[in-house]
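**Q** In this note's numbering, the protein residues as written are 48 to 611.
Just so it is clear, CB atoms sit at the ideal spot from N, CA and C, and this is done for glycine as well.
Keep in mind it's a predicted model, so treat the numbers as computed, not measured.
What follows is the structure, encoded as structure tokens:
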């Protein structure tokens with residue numbers, strides 16, 4: 048059976064105990080979900096919510112332990128690997144591990160999810176046990192997806208996350224929750240079918256050309272790189288459809304504004320924070336199919352530019368705060384994928400940084416909007432103004448996270464957007480890739496638009512004359528006729544850790560950047576040998592040519608060695 052695509056580090060820091068960390072994270076989350084579901088039903092959600100919160104801290108503790116074991120000098124190698132036979136007849140193994148990209152996205156998951164659960168305590172009105180059960184199952188699926196090193200195992204976790212989100216939207220969502228849940232599931236499931244078909248085809252190719260059925264990363268890298276240009280484009284199209292829906296990119300983005308606006312706040316945060324589609328593209332599509340990436344990059348880059356500019360302009364006219372954030376997310380993720388397609392070290396690093404940093408800031412902004420909606424019963428921009436006079440602490444956090452989102456130096460958004468734009472600008476020539484200033488300049492314009500609409504939102508909601516909805520306690524659905532209070536202790540606990548992380552990653556991102564560099568280099572030039580030979584124009588020679596264009600700018604000796 049094929050090993051993972053990169054060497055598995057072993058040694059004193061990766062003993063048997065540490066190799067069990069990821070399975071223990073998954074096991075603790077699943078057992079906790081079942082315990083929450085088994086609790087006696089009660090009229091409030093605090094018992095189920097607190098149990099779910101404490102359960103969610105177990106993967107956080109294990110994730111911190113995993114981070115201390117991680118060898119950051121070799122961030123491009125798979126570490127903390129647990130590999131066991133699962134379905135040997137189909138070449139499927141239960142294989143999990145982390146490189147630097149997976150590590151940081153897993154840490155993002157184990158930090159944000161407990162805060163989502165903590166924020167939900169006291170806000171869930173019915174079926175409390177089931178709500179936290181589905182939240183923990185979503186947690187389980189996300190951890191598994193980011194850590195899977197067997198591609199079919201990744202797909203199963205990727206598909207599994209649809210189920211909890213469908214129920215969270217459909218049961219606890221807003222007035223249009225059923226329509227939102229149905230549209231979300233239809234889009235996501237349709238895309239997943241294309242991803243599955245592409246992965247099965249690659250496994251079949253590996254069996255036909257190399258004699259074994261396997262879904263390991265190494266096997267599918269070899270299978271994908273051995274295909275001709277036309278075959279790679281066909282497979283890439285299948286992966287792109289599935290992952291672009293989950294990013295989402297224009298024109299398959301229309302499910303997100305409705306789903307995000309109708310979701311309960313904790314579910315909306317989990318939907319927006321974790322970039323499943325972008326991760327799928329950078330982990331699988333780019334390194335597996337270099338010929339297709341090279342050929343289709345200009346077309347896909349145009350779609351990214353449209354996503355950036357179109358979504359930014361649509362955000363500007365939104366009155367629903369959640370929909371404003373949804374279109375803002377589409378715009379920023381357009382930049383994330385554009386930087387990825389630049390195929391430069393700087394661009395790919397910026398793309399991963401957007402996944403991490405945008406995850407923190409968008410989570411905080413959605414939590415803040417949820418707190419406004421809880422106090423006033425509305426998230427319409429026309430209904431509120433000048434809330435800083437009433438809610439100064441909430442206004443401070445809103446201003447802080449908006450400043451981070453618009454990429455002010457000193458906060459985390461700045462380094463993400465700077466790397467992404469610079470990586471796109473220098474793409475081409477000796478840097479690799481084939482984009483350049485023609486794509487970077489309109490992307491930068493989109494980021495300027497983003498700063499304008501986010502500052503407009505901040506000024507409209509928190510500054511100016513105080514305007515609040517009419518507090519009429521006679522209506523059952525109306526807010527109570529008592530002026531709302533500022534942040535309580537639990538809400539401080541939710542927002543303060545996010546603010547600290549935003550500040551740390553803005554002031555001192557260097558450790559994160561250093562750890563990502565070897566992982567990004569592996570994405571650009573995966574160390575996989577395609578054992579095929581033939582005359583000029585044979586797929587193997589074409590693959591090597593495409594890999595050469597993805598290589599980091601190195602000395603001639605290193606480049607020559609990498610092409611052997």
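Between 304, 274, 187 and 246, which lies nearest to residue 224 when the distance is taken from Cα to Cα?
**A** Counting from one through the chain shown, the residue named residue 224 turns up at place 177. Ranking the options by Cα distance to residue 224, first place goes to 304.
**Q** To the nearest angstrom, how far is it from the Cα of residue 122 to the Cα of residue 68?
**A** By 1-based counting over the chain shown, the position of residue 122 is 75. By 1-based counting over the chain shown, the position of residue 68 is 21. Each residue's Cα considered, the two are about 18 Å apart.
**Q** Let me check one thing: in DSSP terms, what residues is residue 467 bridge-paired to?
**A** Reading the chain shown from its first residue, position 420 is the one you call residue 467. According to DSSP, residue 467 bridges with nothing at all.
**Q** How would you write the range of the beta strand (DSSP E) that residue 139 sits in, first residue to last?
**A** Numbered from its first residue, the chain shown carries residue 139 at position 92. Counting along the chain, the beta strand (DSSP E) containing residue 139 begins and ends at 139-145.
**Q** Who pairs with residue 378 in a beta bridge, going by DSSP?
**A** Translated into the one-based positions of the chain shown, residue 378 becomes position 331. For residue 378, DSSP assigns no beta-bridge partner whatsoever.
**Q** Candidates 550, 453 and 458: which alpha carbon is nearest residue 503's?
**A** Residue mapping note: residue 503 aligns to position 456 of the chain shown, counting from 1. Nearest of 550, 453 and 458 to residue 503, Cα basis: 453.
**Q** Using C-beta distances below 6 Å, list every residue in its chain close to residue 155, excluding the 5 sequence neighbours before and after it, in chain order.
**A** Locating residue 155 in the chain shown gives position 108, where the first residue counts as 1. Contacts found: 403 and 406.
**Q** Kindly give me the distance between the Cβ atoms of residue 279 and residue 338, rounded to whole angstroms, as I take these residues to be in contact under 8 Å.
**A** As a working note, residue 279 is residue 232 in the chain shown. As a working note, residue 338 is residue 291 in the chain shown. Right, the Cβ-Cβ distance comes to about 5 Å (below 8 Å), so this counts as a contact.
**Q** From 378, 343 and 130, pick the residue whose C-alpha is nearest to that of residue 357; which is it?
**A** Reading the chain shown from its first residue, position 310 is the one you call residue 357. The candidate whose alpha carbon is nearest that of residue 357 is 378.
**Q** Going by beta carbon distance, what residues of the same chain come within less than 6 Å of residue 470, once the five residues before and after it are set aside?
**A** For the purposes of this step, residue 470 is taken as the residue at position 423 of the chain shown. So the list reads 386, 389, 391, 393, 394 and 397, once near-sequence residues are dropped.
**Q** According to DSSP, residue 195 sits in a beta bridge with which residue or residues?
**A** Here the question's residue 195 lines up with position 148 in the chain shown. Beta-bridge annotation (DSSP): residue 195 is paired with 143.
**Q** Note down, in chain order, each residue of its chain lying with its Cβ closer than 6 Å to the Cβ of residue 375, except the 5 sequence neighbours on either side.
**A** In the chain shown, the residue the question calls residue 375 occupies position 328. Contacts found: 362.
**Q** Under DSSP, the alpha helix (DSSP H) around residue 256 begins and ends at which residues?
**A** Residue numbering aside, residue 256 sits at position 209 when the chain shown is read from its first letter. 224-257 is the extent of the alpha helix (DSSP H) around residue 256.
**Q** Give me the Cβ distance between residue 193 and residue 246, rounded to the nearest whole Å; I'm assuming they're in contact under 8 Å.
**A** On the chain shown, residue 193 is found 146 positions in, with the first residue counted as 1. On the chain shown, residue 246 is found 199 positions in, with the first residue counted as 1. Actually they do not touch by this definition, with Cβ atoms about 17 Å apart.
**Q** Of all the options 165, 215, 170 and 290, which has the alpha carbon lying nearest to the alpha carbon of residue 177?
**A** Indexing the chain shown from 1 puts residue 177 at position 130. Out of 165, 215, 170 and 290, 215 has the C-alpha closest to the C-alpha of residue 177.
**Q** Does any heavy atom of the ligand ZN sit closer than 8 Å to the C-beta of residue 175?
**A** With respect to the ligand ZN, the structure offers nothing, as it holds no ligand at all.
**Q** Give every residue of the same chain whose Cβ lies closer than 8 Å to the Cβ of residue 427, excluding the five residues on either side of it in the sequence, and list them in chain order.
**A** Your numbering for residue 427 matches position 380 in the chain shown. The answer, listed in chain order, is 366, 367 and 368.
**Q** Taking three-plus beta-carbon pairs below 8 Å as touching, is the segment 276-293 in contact with the segment 165-180?
**A** no
**Q** Answer with buried or exposed for residue 89, where buried requires no fewer than 16 other C-beta atoms within 10 angstroms of its C-beta.
**A** As a position in the chain shown, residue 89 is number 42, starting the count at 1. Exposed is the call here.
**Q** Output the distance between the C-alpha atoms of residue 360 and residue 570, rounded to the nearest integer angstrom.
**A** Walking along the chain shown from the start, residue 360 turns up at place 313. Walking along the chain shown from the start, residue 570 turns up at place 523. Each residue's Cα considered, the two are about 33 Å apart.
**Q** In whole angstroms, what is the alpha-carbon distance linking residue 198 and residue 126?
**A** Within the chain shown, residue 198 is the residue found at index 151, counting from 1. Within the chain shown, residue 126 is the residue found at index 79, counting from 1. Taking the straight line from one Cα to the other gives about 17 Å.
**Q** Do you know how far the Cα of residue 261 is from the Cα of residue 254?
**A** Taking the first residue of the chain shown as position 1, residue 254 is located at position 207. Taking the first residue of the chain shown as position 1, residue 261 is located at position 214. Rounded to the nearest angstrom, the two C-alpha atoms are 7 Å apart.
**Q** Would residue 555 be called buried (16 or more neighbouring beta carbons within 10 Å of its own) or exposed?
**A** In the chain shown, the residue the question calls residue 555 occupies position 508. The residue in question, residue 555, is exposed, as its Cβ has fewer than 16 Cβ neighbours within 10 Å.
**Q** Where does residue 176 fall in DSSP's three states?
**A** Your numbering for residue 176 matches position 129 in the chain shown. In the displayed model, residue 176 falls within a helix according to three-state DSSP.
**Q** What residue ranges within the segment 411-485 form continuous beta strand (DSSP E) runs of no fewer than 3 residues, ordered along the chain?
**A** none
**Q** The alpha helix (DSSP H) with residue 75 in it runs from where to where?
**A** Taking the first residue of the chain shown as position 1, residue 75 is located at position 28. Where residue 75 is concerned, the enclosing alpha helix (DSSP H) stretches over 68-85.
**Q** Run through DSSP, which three-state label would residue 398 get?
**A** Walking along the chain shown from the start, residue 398 turns up at place 351. Three-state result, residue 398: helix.
**Q** If you draw a straight line from the C-alpha of residue 314 to the C-alpha of residue 251, how long is it?
**A** Here residue 314 corresponds to residue number 267 of the chain shown, with the count starting at 1. Here residue 251 corresponds to residue number 204 of the chain shown, with the count starting at 1. Distance between the alpha carbons of residue 314 and residue 251: 37 Å.
**Q** Span of the alpha helix (DSSP H) holding residue 115?
**A** As a working mapping, residue 115 is identified with position 68 in the chain shown. 93-116 is the span of the alpha helix (DSSP H), which, as asked, contains residue 115.
**Q** Assuming residue 441 and residue 418 are in contact, meaning their beta carbons sit under 8 Å apart, how far apart are those beta carbons, in whole angstroms?
**A** Here residue 441 is taken as the residue at index 394 of the chain shown, counted from 1. Here residue 418 is taken as the residue at index 371 of the chain shown, counted from 1. Right, the Cβ-Cβ distance comes to about 6 Å (below 8 Å), so this counts as a contact.
**Q** What residue does the alpha helix (DSSP H) around residue 217 start on, and which one ends it?
**A** On the chain shown, position 170 is the one that residue 217 refers to. Looking at the DSSP string, the run of the alpha helix (DSSP H) that includes residue 217 is 209-219.
**Q** Report the CB separation of residue 399 from residue 563 in whole angstroms; it is logged as a contact under 8 Å.
**A** Numbered from its first residue, the chain shown carries residue 399 at position 352. Numbered from its first residue, the chain shown carries residue 563 at position 516. Indeed, because the Cβ distance is near 6 Å, the residues count as touching under 8 Å.
**Q** Whole angstroms is fine: what's the gap from residue 208's alpha carbon to residue 370's?
**A** Along the chain shown, one-based indexing puts residue 208 at 161. Along the chain shown, one-based indexing puts residue 370 at 323. Note on geometry: alpha-carbon atoms of residue 208 and residue 370 lie some 22 Å from one another.
**Q** Residue 134 bridges to which residues according to DSSP?
**A** As a first step, residue 134 is located in the chain shown; it is residue number 87 there, counting from the start. DSSP output for residue 134 lists 139 as bridge partner(s).
**Q** Over the uninterrupted alpha helix (DSSP H) stretch that includes residue 361, give me the two end residues.
**A** In the chain shown, the residue the question calls residue 361 occupies position 314. 337-363 is the span of the alpha helix (DSSP H), which, as asked, contains residue 361.
**Q** Expressed to the nearest angstrom, what Euclidean distance is found between the alpha-carbon atoms of residue 539 and residue 133?
**A** Indexing the chain shown from 1 puts residue 539 at position 492. Indexing the chain shown from 1 puts residue 133 at position 86. In a straight line, the C-alpha of residue 539 is about 44 Å away from that of residue 133.
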